[in-house]
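Respectively, the protein sequence lines represent chains L and E.
The first sequence begins at 628 in the numbering used here and counts up by one.
The second sequence begins at 23 in the numbering used here and counts up by one.
Beta carbons are placed, not taken as given, at the ideal position from N, Cα and C, and that holds for glycine.
The model shown is predicted, which means the values in this text are computed figures rather than measured ones.
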Amino acid sequence: MVVLASPLLRIDRLTKRYPGVTALDGLTIELPRGLVGLVGANGAGKTTMFRMLLGISKPTEGSIEVCGIDVAKDPIGVRSRLGYMPEHDCLPLDQTAADVVSTFGELSGLPARAARQRASDILDLVGLDEARFRPIGGFSTGMRQRTKLAQALVGDPELVLLDEPTAGLDPLGREEMLALVARLGTFGISVIMATHLLDDVQQVCDHVVMIDAGRLVVSGGTDSLLERTGLVTVDVGVRGDELVAGLVLVGLAAVAEDGLVEVTVEGNHQMDLLRDVIAERGLPLYRLSTRLTSLDEVFLRLAGTQS
Amino acid sequence: MSMAGAGAVYDRGYRPYDGSRGRRGAATFALYKASIRRALGLRRTWRQKFAPFVLLGIVTIPAVVNVGIGYVTRDRLDNKIEIITYRNYVGVSSALLLFVALVAPDVMCPDRRQKVLPLMFARPLTGVDYVIAKVGAIGSILFAFSFLPQVVLFVGNMLVSDSAGKYFTGHLDILWRVPVTVLMLAAFYAVVGVAIGSLTDRRIVAGSAVIGLLLITSIASSVMVGEIVNGHGSIAALVNVLSLPLYLRDLVFLGHIDPTSPLAGVSNGGLFAVATYVAILLVGVGVLLQRYRWVEH
């Protein structure tokens with residue numbers, strides 16, 4: 628029985644070794660339901676992780692539970708609840724979108740009539756209602772990506788695995804795809820989106836998992852990651868060096884650049900310290916602004932720290 | 023409030039599915055149906071429909087002609103003309119190997135070439151299910167294309183005979199011999215064709231390989247067997263892949279190898295034929311299971 632309160636994903640000491648290379652190394656994560664970004668450079672182990680979530684690649688060590696189901700014990704049960712959108716081209720080009728999505732609906736276990744009906748609805752949802760009877764070979768990259776998303780959704784999955792869903796899309800297509808992904812959350816469908824584009828994750832996901840060379844870098848809420856690693860920019864005129872010295876004394880990291888002081892602040896307590904240093908030294912405060920770092924910066928800093 | 027009559031556009035959103043849902047069996051059957059549709063060119067252009075149905079017409083013509091002649095000569099009590107027997111008709115059906123060369127690669131190769139397999143195996147489907155669906159689809163079509171003309175022949179002969187009831191009761195053995203031999207033929211060609219189709223992602227290569235296997239083994243067998251003297255053939259006749267199911271047909275219809283066949287007179291020839299047939303089937307299935315052992319360890 629699947630308990631809805633169970634976490635979306637529970638991974639315990641997951642390791643995958645190939646001859647001469649360790650793709651995943653002792654990964655332990657628990658993810659809540661919602662929109663999750665799986666972030667890492669090319670070759671970080673994202674696709675390997677997806678293959679193991681689907682039960683088509685067996686871990687060397689460790690265990691995986693998807694929606695409360697042990698993948699090793701019931702891979703078919705897991706795959707009945709998942710939708711998967713691979714990164715690479717994977718569609719039969721000589722068939723129509725309606726036929727392909729309908730067939731994949733049936734392959735997901737839906738009766739033929741229901742699969743046809745849902746294929747129509749889902750193609751409508753992803754914006755391909757008018758093109759659904761055209762062969763996929765004539766589709767643009769954006770339309771093919773939408774078709775790939777439609778086939779992942781047609782089986783009404785609890786969780787959709789999206790591997791680089793915006794790859795190859797122009798800026799407009801990318802925005803539309805991200806808007807579609809964001810909508811999935813409102814339908815109660817959880818998403819794990821693997822990408823190396825951290826902007827995409829920052830725009831859409833509630834939770835981020837960063838992996839690098841098969842190891843976990845960090846896992847946490849998107850907002851909390853950005854808040855915890857935020858920078859504060861302070862303009863105290865020509866007395867920037869004096870502020871830096873005062874901040875260093877109380878244990879805050881700060882640098883003066885181009886007449887501005889950039890202070891690394893983690894949490895409200897350190898913000899109070901910054902305020903106190905400025906007040907105690909009687910520094911003129913022309914500007915104080917919080918600058919949240921991007922996920923790129925978080926990734927580079929944390930991955931760099933680990934290595 | 024928007025008016026439907028004014029051409030309002032509605033966002034229907036997403037509707038969850040709460041109906042019944044199958045697992046492996048349903049997924050396998052869905053792939054089986056999709057493969058049959060593809061093989062017969064259904065939901066595709068007329069060009070894709072042309073070859074299968076023309077071939078069905080060709081293999082049915084002898085039955086229609088035979089029944090026609092039987093009708094024309096129905097009043098000649100002394101010497102009724104029969105141009106083809108049920109046993110010989112199974113040999114006509116061996117021409118369906120051409121169909122296999124054309125269709126099996128089309129059913130197998132694009133899945134690999136267009137990288138559709140990862141999408142399929144992300145469903146409640148295993149490699150074994152995939153093989154069952156594909157072999158089942160090609161085998162079912164071959165069975166139907168081999169069996170339907172025999173049904174035409176049987177029903178036609180029965181109707182033009184003096185007494186349909188007598189004809190039926192007099193040919194009860196046909197009711198099991200034909201399905202059994204046709205099933206053996208269909209299973210053999212389906213496994214061989216699909217296994218070869220699984221080895222490459224290029225249809226033309228797979229199709230040529232099927233035809234090549236047919237021609238090369240046929241020629242090699244003829245050269246090795248040489249001239250049949252006094253009804254003594256050679257064990258080398260078993261090299262001919264095309265003819266192999268026909269030796270089993272003879273065993274079913276005659277109870278022994280046909281004395282005019284290249285395998286005639288070979289000691290335990292029938293046993294060797296069955297063993298070779300089973301061995302090729304097992305090799306074919308083994309190749310398929312290996313190629314679609316999708317879960318990596």
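Span separating the alpha-carbon of residue i from that of residue j
i	j	result
residue 104/E	residue 173/E	16 Å
residue 842/L	residue 655/L	9 Å
residue 887/L	residue 863/L	7 Å
residue 646/L	residue 915/L	53 Å
residue 40/E	residue 741/L	10 Å
residue 762/L	residue 774/L	11 Å
residue 640/L	residue 819/L	19 Å
residue 97/E	residue 278/E	35 Å
residue 677/L	residue 788/L	7 Å
residue 38/E	residue 902/L	52 Å
residue 211/E	residue 298/E	14 Å
residue 143/E	residue 315/E	11 Å
residue 629/L	residue 705/L	Residue placement at residue 629/L cannot be trusted, given a pLDDT of 47 that sits under 50; the coordinates are not used to answer.
residue 158/E	residue 757/L	35 Å
residue 682/L	residue 790/L	16 Å
residue 50/E	residue 197/E	30 Å
residue 42/E	residue 221/E	37 Å
residue 319/E	residue 871/L	Model confidence at residue 319/E stands at a pLDDT of 48, short of 50, so the residue's coordinates are unreliable; what they give is reported in the following sentence. For residue 319/E and residue 871/L, the distance between alpha carbons rounds to 56 Å.
residue 3/E	residue 707/L	Only positions 23 to 319 of chain E appear in the structure, and residue 3/E is not among them; the question remains open.
Contacts of residue i in chain E (Cβ-Cβ under 7 Å)
i	result
residue 733/L	52
residue 703/L	45, 46 and 146
residue 706/L	144, 145 and 146
residue 778/L	141
residue 745/L	39
residue 736/L	43, 44, 45, 48, 49 and 146
residue 783/L	38 and 39
Bridge partner(s) assigned by DSSP for residue i
i	result
residue 914/L	862/L
residue 691/L	638/L
residue 648/L	645/L
residue 834/L	663/L and 848/L
residue 821/L	665/L and 790/L
residue 935/L	One cannot answer for residue 935/L here, as it falls past the ends of chain L, which runs 628 to 934.
residue 723/L	762/L
Neighbourhood of residue i by C-beta distance below 6 Å, restricted to the same chain and skipping five residues each side
i	result
residue 302/E	none
residue 923/L	825
residue 713/L	790
residue 71/E	63
Partner residues on chain E for residue i, Cβ-Cβ distance less than 8 Å
i	result
residue 717/L	136, 137, 138, 140 and 141
residue 741/L	39 and 41
residue 709/L	144
Under 7 Å by beta carbon: chain L residues contacting residue i
i	result
residue 36/E	752 and 814
residue 316/E	683
Whether residue i touches residue j by CB criterion (8 Å)
i	j	result
residue 926/L	residue 666/L	yes
residue 247/E	residue 258/E	yes
residue 782/L	residue 817/L	no
residue 8/E	residue 81/E	Examination of residue 8/E is not possible in this model, given that chain E is present from 23 through 319 alone.
residue 637/L	residue 718/L	no
residue 834/L	residue 695/L	no
residue 231/E	residue 266/E	no
residue 936/L	residue 908/L	It is not possible to answer for residue 936/L, since the shown part of chain L is limited to 628 through 934.
residue 136/E	residue 776/L	no
residue 839/L	residue 930/L	yes
residue 261/E	residue 242/E	yes
residue 163/E	residue 52/E	no
residue 160/E	residue 129/E	yes
residue 45/E	residue 140/E	no
Residues of its chain near residue i, where Cβ-Cβ distance is below 7 Å and the 5 sequence neighbours each way are ignored
i	result
residue 307/E	213
residue 124/E	73 and 229
residue 236/E	119, 263 and 264
residue 690/L	639, 697 and 699
residue 780/L	710, 749 and 787
residue 23/E	At residue 23/E, the pLDDT of 41 sits below 50, so the modelled position is not reliable; the number obtained from the coordinates is stated separately. If we look at residue 23/E and ignore the five residues flanking it on each side, it has no Cβ neighbours.
Partner residues on chain E for residue i, Cβ-Cβ distance less than 9 Å
i	result
residue 646/L	Correct list: empty, because the minimum Cβ distance to chain E is about 12 Å.
residue 713/L	137, 140, 141 and 144
Partner residues on chain L for residue i, Cβ-Cβ distance less than 9 Å
i	result
residue 65/E	722, 723 and 726
residue 56/E	726, 730, 733 and 734
Close Cβ partners of residue i (< 8 Å) along its chain, the five nearest in sequence each way excluded
i	result
residue 868/L	883
Within-8 Å CB hit, residue i to chain A
i	result
residue 748/L	Reference to chain A is not applicable here, since the protein chains of this structure are L and E.
Where residue i meets chain L, residues with beta-carbon distance less than 8 Å
i	result
residue 127/E	Those within 8 Å of residue 127/E in chain L number zero; the least Cβ separation is about 14 Å.
residue 132/E	719 and 721
Proximity test, residue i beta-carbon vs the ligand SAH heavy atom, cut-off 7 Å
i	result
residue 152/E	In the structure shown, the ligand SAH is absent, as is every other ligand, since no ligand is present at all.
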